[in-house]
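A.B. asks: Numbering (the UniProt record's numbering), first residue to last: 1 to 394. C-beta: ideal position from N, C-alpha, C; glycine also.
(1) Residues in the same chain with beta-carbon distance under 8 angstroms from residue 198, minus the five sequence neighbours each way, listed in chain order, please.
(2) Can you look up residue 35 in the DSSP assignment and give me helix, strand or coil?
(3) Going straight from the alpha carbon of residue 386 to that of residue 120, what length do you get?
(4) If you draw a straight line from the C-alpha of residue 174 to the C-alpha of residue 108, how long is it?
(5) Could you give the residue range of the alpha helix (DSSP H) that holds residue 101?
(6) For residue 360 and residue 11, what's the separation of their Cα atoms in angstroms?
(7) Just to check my reading of the structure: residue 225 and residue 192 have Cβ atoms closer than 8 angstroms, yes? What is that Cβ distance to the nearest angstrom?
(8) Quick one: any contact between the segment 322-342 and the segment 37-48, if contact means 3 or more CB pairs under 8 angstroms?
(9) How do the segment 151-171 and the segment 279-289 stand: do at least 3 beta-carbon pairs fall below 8 angstroms, yes or no?
(10) If you follow the beta strand (DSSP E) that residue 200 is in, where does it begin and where does it stop?
(11) I'd like the list of long-range same chain contacts for residue 372, defined as Cβ closer than 8 angstroms, with 5 residues on each side in sequence excluded.
(12) Can you tell me the Cα-Cα spacing of residue 355 and residue 374, whole angstroms?
(13) Just to check my reading of the structure: residue 95 and residue 185 have Cβ atoms closer than 8 angstroms, yes? What is that Cβ distance to the nearest angstrom?
(14) Is residue 370 closer than 8 angstroms to residue 72 when the C-beta atoms are compared?
(15) DSSP three-state call for residue 168: helix, strand or coil?
(16) Which value, in whole angstroms, describes the spacing of the CA atoms of residue 249 and residue 50?
(17) Would DSSP call residue 270 helix, strand or coil?
(18) Is the number of C-beta pairs between the segment 231-243 and the segment 204-222 that are closer than 8 angstroms three or more?
(19) Measuring alpha carbon to alpha carbon, tell me which residue in 368, 316, 353 and 348 is nearest residue 116.
(20) Measuring CA to CA, which of 154, 289, 296 and 67 is closest to residue 222?
(21) Quick one: residues in its chain with C-beta nearer than 7 angstroms to the C-beta of residue 378, no 5 flanking neighbours on either side, listed in chain order?
(22) Helix, strand or coil: how does DSSP classify residue 211 here?
(23) With DSSP as the reference, please indicate the residues paired to residue 289 in a beta bridge.
(24) Measure the CB-CB distance between residue 44 and residue 3 and report whether it falls below 8 angstroms.
(25) Out of curiosity, what's the CA-to-CA distance linking residue 219 and residue 47?
(26) State the beta-bridge partners of residue 5 as determined by DSSP.
(27) At what residue ranges does the UniProt domain "HTH cro/C1-type" (10-64) contain a whole run of the alpha helix (DSSP H), taking only runs of 4 or more?
(28) What is the DSSP secondary structure of residue 154, counted as helix, strand or coil?
(29) Specify the secondary structure class of residue 245 as computed by DSSP and reduced to three states.
(30) Return the chain-ordered list of same chain residues with a C-beta closer than 6 angstroms to the C-beta of residue 310, the five sequence neighbours on each side being excluded.
(31) Quick test of your reading: residue 289 and residue 319, contact by CB under 8 angstroms. State the CB separation rounded to the nearest angstrom.
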């Protein structure tokens, strides 16, 4: 049987991993021209090179010699609609392309996994569509800042029924947001987008490792999903980007620390400018001490003198990078997609091997790209493995 190498699959997985042709050529010790020929001319690489690429990309050898399922190749995400939370405005085109390809793959993977069950109505989408009614028709009459604040109040009331932010991630998943956790990039904390079928996504980075910072990332990305659904983020000027980010921060602050309840709590603090005293509020609201102080100052609950003293004290104590309770408060992690896969495996709706063979990837691929727990596969997978490419030549 003569095998055909499918170059477009290599190009796709290469871009998914943000590798240039030159970078890949150096990894497998061939010329850049050879990579170009693999991708555009469907030239069959040596078997050893295919093995090298399966190892680099964590895919099966069949990934390169058989067509990908059409549903995984759908252009399901608008490249301009991806909102990224970055340390700097300027993010490389290469990194933006990586985010786009990964967003598209995650969107298509999610649609495939959702196809086996009936998914409840999306609360977030319904909430956005009915915001004006929920605000008693006052949305148009409010200025921008006030409309963001009122929107945050309404969204919080619908999503979080209790006073704490402890279960924020779980409640966002319950409300219809698909959340994945993965290594992104040191310069990007998180990003979010709406797929073309109106499913909201938040992709969290694993580089922070602090529960309260993750909560702010979640609230910030929720702000983008609610406020900026139709914004073309990569076409914004630096000033426009700064404005959009500020709006998401206003939303996040109001959402995580609602004004009235927060004022009552803060008024009870004896030493308002002492970071150690504010740790009590951190434990209640699951928000960083720094965010608490900024919120208090913004609301006029701290004077300029107190605010300056707070930051001086924070730096002196070494809390800028690591605050009290950071080691104590457990960081929440996405559970929806892992739980869904466990349900499928338990009920034999889908088996680990069928899933991996369908996607033509290894479990490590799904772990790196989507944060799927490797233990899921170890618990369920049997010893029957895919034949390697040498078997296909026989």
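C.D. replies: Reading off the structure:
(1) 122 and 125
(2) In the structure shown, the three-state DSSP call for residue 35 is helix.
(3) Its pLDDT being 45, under 50, residue 386 is placed unreliably in this model, and the value from its coordinates should be taken loosely. The straight-line gap from Cα to Cα measures roughly 35 angstroms.
(4) Distance between residue 174 and residue 108, taken at the CA atoms: about 20 angstroms.
(5) 93-114
(6) 15 angstroms
(7) 5 angstroms
(8) no
(9) yes
(10) 200-205
(11) 337, 338, 341, 363 and 366
(12) 14 angstroms
(13) 6 angstroms
(14) no
(15) Helix at residue 168.
(16) 46 angstroms
(17) In the structure shown, the three-state DSSP call for residue 270 is coil.
(18) No, the segment 231-243 is not in contact with the segment 204-222.
(19) 348
(20) 154
(21) none
(22) Assigned with DSSP and collapsed to three states, residue 211 falls in helix.
(23) Residue pairing by DSSP places residue 289 in no beta bridge whatsoever.
(24) yes
(25) In this structure, the alpha-carbon of residue 219 lies about 48 angstroms from that of residue 47.
(26) Beta-bridge pairing links residue 5 to no other residue.
(27) 21-28, 32-40 and 47-57
(28) Residue state for residue 154 is assigned as helix, using DSSP reduced to three classes.
(29) Helix.
(30) 273 and 293
(31) About 7 angstroms separates the CB atoms of residue 289 and residue 319; that is less than 8 angstroms, so the two are in contact.
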